[in-house]
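Trainee: Handing you a structure now.
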Amino acid sequence: MQSQVIVLGGGVAGISLARTLINDHNVTDILLLEARPELGGRAYTETLVNNATGAVTTVEKGCNWIQGPGKEPILELADKWGLQTARTNYSDSAWWYDHFLDEQEQAVFTEGYDNFIEHAPGYSDLSVRVATSIMDWIPVTPVQKAYEYWNIDFTFAQPPEDCSFANAFGQEAGIENEVDDFVIDQRGFKYIFVQEAKELFGQDLNDPRLHLDTTVRQIDYSGDQIVVRTDKGDFSAPHVVSTFSVGVLQHQDVQFKPQLPDWKKEAIFTFAMATYQKIFILFDRKFWNDEQAEAMGVLRKMYDDVPEPLDIVVPRWHADPLFRGSYSNWPLGVLEEHHANLGQPVKKGDAWIHFAGEATSYEMFGYVNGAWDSGISTANAIGQCINKGDCPDAKIYDALKTCPQESSMRRRDGAPRAPRRHHRGPRGGK
1 MQSQVIVLGG GVAGISLART LINDHNVTDI LLLEARPELG GRAYTETLVN
51 NATGAVTTVE KGCNWIQGPG KEPILELADK WGLQTARTNY SDSAWWYDHF
101 LDEQEQAVFT EGYDNFIEHA PGYSDLSVRV ATSIMDWIPV TPVQKAYEYW
151 NIDFTFAQPP EDCSFANAFG QEAGIENEVD DFVIDQRGFK YIFVQEAKEL
201 FGQDLNDPRL HLDTTVRQID YSGDQIVVRT DKGDFSAPHV VSTFSVGVLQ
251 HQDVQFKPQL PDWKKEAIFT FAMATYQKIF ILFDRKFWND EQAEAMGVLR
301 KMYDDVPEPL DIVVPRWHAD PLFRGSYSNW PLGVLEEHHA NLGQPVKKGD
351 AWIHFAGEAT SYEMFGYVNG AWDSGISTAN AIGQCINKGD CPDAKIYDAL
401 KTCPQESSMR RRDGAPRAPR RHHRGPRGGK
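Reminder that position 348 of the sequence shown reads as 348 in the UniProt record's numbering, one-by-one numbering, no gaps.
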């Protein structure tokens, strides 16, 4: 089957991309292929069932928060479709144990944390562990370690040794969360994205341009057209967009023929795919404060009378071949130029393989906003190429060099970052 554009993945980025192509660029000759029987990607719900009463509770296995500045596109979608949320108030928390850091310990961490967050984008790259040690924070006691876990591991879904201080923390410094809403809608977070897709593909999602339950096996760009080989047959187009997660690309669950160029593979394998683990347990009565056998063991140490659970949901994001993790994180030693390469298209002749998804967003990697925005920006580039012949001249950072010059990449606030010792020399990619 031939089309102008094939979108691989029916998650947030894929839906955003299809929506922008159709609505803003009148590019309607598209195909959207999704491996699962439903749309939404990592906006993925599960149900807890009380077999005694038949009551069903929907929980979010994947993304759960709407975060960002006031005019946040996901918030606008939530308002449009009446998504039910609750404002997150981290200060209004209940604690079972009252073993806290003393005021001096808290001050060492919070003052140093705030100072480093503010200045992170200008620092040379360090691990978060080194950075916190410099600010005299070295956790020794269980309480100190728990406090650090809450502030670092919980946010980045990776330990401080694995996180880039300049880039992972630098991103946090650039985000102002005027909005921090927790999705509690029983239709699921995915509802707003599925509704947007229904405006494109019909209320029954039976448009022939949408192919669910279709698993991509190979992307073949050895010829004049790009051929996408799936378990349901072959599809071809001059523009193919991968919205697969970094984890899927790293595991090579989808094969490329020929293999991707070295600059692209390097970008893919340098980024990290973190796993944010949520465990949902349904009981017949509330006995708390609030995985399987391990979680029950912990609860029974805390409480004398813990009933058997009625249902448990333990997501396995890392083991799922369609996701291979929850969201991307910026590891230590990864340059801005690596990240730029991650989002650059691979071109052969008049055929393009584009890359979108949260990991490709410089401002908001790891966030739902980043996935949505990446779909828009990629669709704009494709639409301009198809309608005006103004195709993007991919800027590829090709050869790792050591030089004293200032990095060609610029920070999100428009100012150049501090000079890096390792620099990639740019070249115009075709």
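All C-beta atoms in this analysis are idealised placements derived from N, C-alpha and C, irrespective of residue type, glycine included.
Would the beta-carbon of residue 326 fall within 8 Å of that of residue 276?
Mentor: If you number the sequence shown from 1, residue 326 lands on position 326. If you number the sequence shown from 1, residue 276 lands on position 276. Closer than 8 Å, so yes.
Trainee: Can you list the beta strand (DSSP E) stretches of 3 or more residues lying completely in the region 348-381, in chain order?
Mentor: Complete beta strand (DSSP E) runs here, min 3: 351-355.
Trainee: Should residue 27 and residue 2 be called a contact, given that it needs their Cβ atoms to be closer than 8 Å?
Mentor: Along the sequence shown, read from residue 1 onward, the residue named residue 27 stands at position 27. Along the sequence shown, read from residue 1 onward, the residue named residue 2 stands at position 2. It is not a contact, given that the beta carbons lie outside the stated cut-off.
Trainee: In the DSSP assignment, the alpha helix (DSSP H) including residue 131 goes from what residue to what residue?
Mentor: Along the sequence shown, read from residue 1 onward, the residue named residue 131 stands at position 131. Where residue 131 is concerned, the enclosing alpha helix (DSSP H) stretches over 128-134.
Trainee: Consider the Cβ of residue 274: report whether some Cβ of chain C lies at a distance smaller than 8 Å.
Mentor: Here chain C cannot be found, since the structure has a single protein chain.
Trainee: Buried or exposed for residue 54, going by 16 or more other Cβ atoms inside 10 Å?
Mentor: Here residue 54 is taken as the residue at index 54 of the sequence shown, counted from 1. So residue 54 counts as exposed.
Trainee: Please name the residue in 75, 45, 79, 56 whose C-alpha comes closest to that of residue 63.
Mentor: Here residue 63 refers to the residue found at position 63 when the sequence shown is read from its first residue. Answer by Cα proximity: 45.
Trainee: Return the first residue and the last residue of the beta strand (DSSP E) that residue 218 is part of.
Mentor: Within the sequence shown, residue 218 is the residue found at index 218, counting from 1. That run of the beta strand (DSSP E) goes 216-220.
Trainee: Taking the alpha-carbon positions, what's the residue 42 to residue 242 distance?
Mentor: Taking the first residue of the sequence shown as 1, we reach residue 42 at position 42. Taking the first residue of the sequence shown as 1, we reach residue 242 at position 242. C-alpha separation (whole angstroms): 15 Å.
Trainee: Since residue 25 is in the beta strand (DSSP E), which residue starts that stretch and which ends it?
Mentor: Translated into positions along the sequence shown, residue 25 becomes position 25. Not the beta strand (DSSP E): residue 25 falls in the alpha helix (DSSP H), residues 12-25.
Trainee: Quick one: Cα of residue 150 to Cα of residue 78, how far?
Mentor: Residue mapping note: residue 150 aligns to position 150 of the sequence shown, counting from 1. Residue mapping note: residue 78 aligns to position 78 of the sequence shown, counting from 1. For residue 150 and residue 78, the distance between alpha carbons rounds to 28 Å.
Trainee: Measure the C-alpha to C-alpha separation of residue 245 and residue 363 and round it to an integer number of angstroms.
Mentor: Position 245 of the sequence shown, counting from 1, holds the residue named residue 245. Position 363 of the sequence shown, counting from 1, holds the residue named residue 363. Distance between the alpha carbons of residue 245 and residue 363: 17 Å.
Trainee: How long is the line joining the alpha carbons of residue 12 and residue 51, rounded to whole angstroms?
Mentor: The residue labelled residue 12 in the question sits at position 12 within the sequence shown. The residue labelled residue 51 in the question sits at position 51 within the sequence shown. Approximately 33 Å, taken between the alpha carbons.
Trainee: Contact between the region 248-263 and the region 208-218 is defined here as three or more beta-carbon pairs at a separation below 8 Å; is this criterion met?
Mentor: These segments touch.
Trainee: Identify every run of the alpha helix (DSSP H) within the UniProt domain "Amine oxidase" (206-291), keeping only runs that are complete inside it and at least 4 residues long; order them along the chain.
Mentor: Those alpha helix (DSSP H) runs which fall completely within the UniProt domain "Amine oxidase" (206-291) and span 4+ residues are 246-251, 262-270.
Trainee: Measure how close the beta-carbons of residue 334 and residue 6 come, nearest whole angstrom, since I'm counting them as under 8 Å.
Mentor: Position 334 of the sequence shown, counting from 1, holds the residue named residue 334. Position 6 of the sequence shown, counting from 1, holds the residue named residue 6. Their Cβ separation, rounded to whole angstroms, is 29 Å, which puts residue 334 and residue 6 out of contact at 8 Å.
Trainee: Quick check on residue 331: does DSSP put it in helix, strand or coil?
Mentor: As a first step, residue 331 must be located in the sequence shown, where it is residue number 331. If DSSP states are grouped into helix, strand and coil, residue 331 belongs with the strands.
Trainee: Given this structure, state the Cα-to-Cα distance separating residue 25 from residue 383, to the nearest angstrom.
Mentor: The residue labelled residue 25 in the question sits at position 25 within the sequence shown. The residue labelled residue 383 in the question sits at position 383 within the sequence shown. Computed Cα separation, rounded: 5 Å.
Trainee: Note down, one range per segment and in chain order, each beta strand (DSSP E) of at least 3 residues found wholly within the region 39-76.
Mentor: Counting whole runs of 3 or more residues, the region 39-76 contains the beta strand (DSSP E) stretches 45-49, 56-60, 65-68.
Trainee: Can residue 211 and residue 33 be called in contact, C-beta distance under 8 Å?
Mentor: The residue given as residue 211 occupies position 211 in the sequence shown. The residue given as residue 33 occupies position 33 in the sequence shown. Yes, these two residues count as a Cβ contact at 8 Å.
Trainee: Can you tell me whether residue 114 is helix, strand or coil according to DSSP?
Mentor: The count along the sequence shown starts at 1 and reaches residue 114 at position 114. Helix at residue 114.
Trainee: Please report the Cβ distance between residue 316 and residue 181, rounded to the nearest whole angstrom; I am assuming they are in contact, meaning their Cβ atoms lie under 8 Å.
Mentor: As a first step, residue 316 must be located in the sequence shown, where it is residue number 316. As a first step, residue 181 must be located in the sequence shown, where it is residue number 181. Residue 316 to residue 181, Cβ: 27 Å. No contact.
Trainee: Taking the C-alpha atoms as reference points, what is the distance between residue 330 and residue 397?
Mentor: Along the sequence shown, read from residue 1 onward, the residue named residue 330 stands at position 330. Along the sequence shown, read from residue 1 onward, the residue named residue 397 stands at position 397. Their backbone Cα atoms lie some 18 Å apart in a straight line.
Trainee: Assuming residue 369 and residue 72 are in contact, meaning their beta carbons sit under 8 Å apart, how far apart are those beta carbons, in whole angstroms?
Mentor: Position 369 of the sequence shown, counted from the start, is the residue given in the question as residue 369. Position 72 of the sequence shown, counted from the start, is the residue given in the question as residue 72. Going by Cβ atoms, the distance from residue 369 to residue 72 rounds to 6 Å, so yes, they are a contact pair.
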